[in-house]
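Count the sequence shown with mature numbering (1 follows the signal peptide of the UniProt record, and there is no 0) and you get residues -23 to -1, 1 to 94, in order. Data first, discussion second: the structure below is written as structure tokens.
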Amino acid sequence: MQLLLALWISLLPYLGAAPAAEAARNHCQVYGAVYLERNPLYKNTASHVVYLGEQEAFADMVVYRESNKLFADAPAVWFVTPTKAFASHVLYVTDQRHQADFTVHFTDVRSFATCRE
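Given below as structure tokens:
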């Protein structure tokens, strides 16, 4: 029994489950039409959990809010849509930084928009 357990533990890195989960959580691929969900009842329908920070230095992503959906075509450039039906990405906004997948800071200058991995 211990031999089977040791074999199973040694094969875990080669099963391939971790890279697929990591690719699904890449926050630099979030751009375009984004809906910011704030209702905790719909937290499970969101693709990522984000924390909106006030300081640019500690943010994982510095985001520029685009006013036209057609121009939100680069990483860290979002068109924040008021309806969930028109969104490409649904993100749940939390008040607790430790619960977030990544932190976001909004900037007023498009050239400052960046994603830090």
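Every residue, glycine too, gets a C-beta built ideally from N, C-alpha and C.
DSSP three-state call for residue i: helix, strand or coil?
i: residue 95; result: No answer is possible for residue 95: the residues shown for the chain start at -23 and end at 94.
Could you spell out where the beta strand (DSSP E) holding residue i opens and where it closes?
i: T60; result: Segment: none, T60 is in no beta strand (DSSP E) and carries neither H nor E.
i: V67; result: 66 to 71
i: Y41; result: 38 to 42
i: Y28; result: 25 to 29
i: F79; result: 79 to 84
Any beta-carbon of chain B closer than 8 Å to the one on residue i?
i: R74; result: You won't find chain B in this structure, because it holds only one protein chain.
Do you know offhand how far residue i's Cα is from residue j's?
i: Y28; j: L(-21); result: 44 Å
i: R87; j: S65; result: 20 Å
i: L13; j: L(-13); result: 39 Å
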